[in-house]
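Residue numbers (my numbering): 8 to 310.
Following this line, the structure appears as structure tokens:
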């Protein structure tokens, strides 16, 4: 089977060279490598263009889901693997992913284990504990979803559901795709295998990880079910409290007040953002004042 790999990239100049180099060193060489530059403002495209890859460029930033759709469309493999631009792959990464699909015809997608490469900063340690992009150390059949940073799919699977939902600009696109594949392809399976590893080189500040946590947990909900009622807002605020309270308790049990303070920040920020989104939706749904009838002056209207 022909195996393609694509890399969605937005302002990834810092790590894109290492990412591509790791693909060129694979024990199972990819038949093609496609880099999708999603309107980067840095030298991502210039760096990628120095390697033997196919470079596809968006004129502006169109979001992660659109970049993934472009990557799939630009490849020709029966198996399409993806790795994020801030990751690099272990030497046997592609071999293990492809082997699972080649040997199991009822499996349409397989994901490996992203490992956090930066653990020095407080924010990166917090992300490692509370926003893991894996399902643990054991093989899982039909996990909730496959993380897009370390995934291989049969081409026919995303095509069956018309690709990624382009409403998901920054995250959640992988969860949504797997959700729809389960509905359309109920007799097919997804596999999580912890052995195909990529190292994730993302670096966060406390502020950026708090924003990312909010998007990670609630972005997809806002698309599926808009914040259009007070009961729904109350329900989500309660959900925020439960999730972040569990994080705070975990941090304190581990003896880290610093991690707990990040979790408190997540609680406060998420609550404020939820209320703000509810207010925005209410304003958008409010009836517009009707225009005066033709020929009616303001004075006539007041009379």
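All C-beta atoms in this analysis are idealised placements derived from N, C-alpha and C, irrespective of residue type, glycine included. Keep in mind that this is a model prediction, so the values were computed, not measured.
- Counting other Cβ atoms within 10 Å of its Cβ, residue 45 reaches 16 or more and is therefore classed as buried.
- Sequence-distant partners of residue 247 (beyond 5 residues in either direction) whose C-beta falls short of 7 Å from its own C-beta, in its chain, are 274, 277, 278, 281.
- Fewer than three pairs of CB atoms, one per stretch, sit closer than 8 Å, so the segment 74-82 makes no contact with the segment 104-115.
- A straight line joining the alpha-carbon of residue 18 with that of residue 178 spans about 16 Å.
- For residue 10 and residue 38, the gap between their C-alpha atoms comes out near 6 Å.
- The criterion of a C-beta distance shorter than 9 Å is not satisfied by residue 96 and residue 51.
- Only exposed fits residue 252, as fewer than 16 other CB atoms lie within 10 angstroms of its CB.
- The alpha-carbon separation between residue 129 and residue 289 amounts to approximately 37 Å.
- Straight through space, the alpha carbons of residue 225 and residue 211 are spaced by roughly 19 Å.
- Secondary structure note for residue 64: its beta strand (DSSP E) is the uninterrupted segment 61-65.
- Bridge partners of residue 16 according to DSSP: 44.
- For residue 123, the enclosing beta strand (DSSP E) covers residues 114-123.
- For residue 39, the three-state secondary structure derived from DSSP is strand.
- Across the structure, residue 132 and residue 269 are spaced so that their CA atoms are roughly 11 Å apart.
- Taking the CA atoms as reference points, residue 31 sits about 11 Å from residue 12.
- Taking 9 Å as the cut-off, the beta carbon of residue 104 is found closer than this to the beta carbon of residue 203.
- Bounds of any alpha helix (DSSP H) do not take in residue 201; it lies within the beta strand (DSSP E) bounded by 196-207.
- Per DSSP, the unbroken beta strand (DSSP E) holding residue 160 starts and ends at 157-161.
- Residue state for residue 168 is assigned as coil, using DSSP reduced to three classes.
- According to the DSSP assignment, residue 55 belongs to the alpha helix (DSSP H) that extends over 51-55.
- Under the DSSP assignment, residue 95 falls in the beta strand (DSSP E) whose first and last residues are 94-96.
- With a threshold of 16 other beta carbon atoms within 10 Å, residue 34 falls short and is exposed.
- Scanning 60, 43, 88 for the CA closest to the CA of residue 67 turns up 43.
- A straight line joining the alpha-carbon of residue 41 with that of residue 26 spans about 12 Å.
- When only Cα atoms are considered, residue 174 and residue 72 end up about 7 Å apart.
- The beta carbon of residue 87 sits closer than 6 Å to those of 11, 79, 160, 162, all from its chain and outside the five residues before and after it, given in chain order.
- Around the beta carbon of residue 236, a 10 Å sphere encloses fewer than 16 other beta carbons of the protein chains shown; the residue is thus reported as exposed.
- The Cβ atoms of residue 65 and residue 123 do not sit closer than 9 Å to each other.
- If you draw a straight line from the Cα of residue 154 to the Cα of residue 182, it comes to about 8 Å.
- Residue pairing of residue 88 in beta bridges, as defined by DSSP: 12, 159.
- Looking at 254, 285, 223, 258, the one whose alpha-carbon comes closest to that of residue 242 is 285.
- If you look at residue 69, you'll find it isn't in any alpha helix (DSSP H); DSSP assigns it neither H nor E.
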